[in-house]
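998 is the number of the first residue of the sequence shown in my numbering; add one for each residue after it.
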Amino acid sequence: QVQLVESGGGLVQAGGSLRLSCAGSGINFSTNSMRWYRQAPGKQREVVATILSGGSTAYADSVKGRFTISRDNAKNTLYLQMNSLKPDDTAVYYCNTWNPIRGYWGQGTQVTVSS
């Protein structure tokens, strides 16, 4: 049974930083392409960042240059380093596979950026 547990969110002022973590069990992050997603109030869930099984990364234009996705294979943990945060980054952040699997969604972690 796959379980993804996100953590690290919080309230931060604009310009600040946060580091999100996604701990996985029942799934091997090193052999799966993984993504960070976010959903802001009243908006659809969107892809924020991608890390392929081979290690290549990609980012949404809105976060490029500010966010960094990485993983620790030994800990089977996915990370999202978020710098220069903006109020528009306020959302619940989730991790999931490249093609998100419904049963894998966790509770997410809330990120709130104040202006």
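Built from N, CA and C at the ideal position, the CB exists for glycine as well.
Going by C-alpha distance, which of the options is nearest residue i?
i	options	result
Gly1100	Val1108, Tyr1091, Gln1107	Tyr1091
Phe1026	Lys1083, Val999, Thr1074	Thr1074
Ala1088	Ser1053, Asp1069, Trp1095, Val1110	Val1110
Gly1052	Gly1006, Gln1104, Arg1032	Arg1032
Asp1069	Gly1021, Gly1006, Ser1004, Gly1005	Gly1021
Gln998	Gln1104, Val1060, Ile1024, Leu1017	Ile1024
Gly1105	Ser1014, Cys1019, Ala1071	Cys1019
Glu1121	Ser1112, Ala1057, Thr1028, Tyr1034	Residue 1121 falls outside the range modelled here, since the chain spans only 998 to 1112, and no answer is possible.
Taking residue i as part of the beta strand (DSSP E), name the residues at either end of that continuous run.
i	result
Trp1033	1031-1036
Tyr1090	1088-1094
Gln1107	1106-1111
Ser1067	1064-1069
Ala1046	1043-1048
Thr1074	1074-1079
Ala1055	1054-1056
So for residue i, helix, strand or coil by DSSP?
i	result
Ser1022	strand
Arg1099	helix
Ser1004	strand
Do the segment 1047-1065 and the segment 1000-1012 touch if we need at least three Cβ pairs shorter than 8 Å? Judged by pairs of C-beta atoms under 8 Å, the segment 1047-1065 does not touch the segment 1000-1012, as fewer than three such pairs exist.
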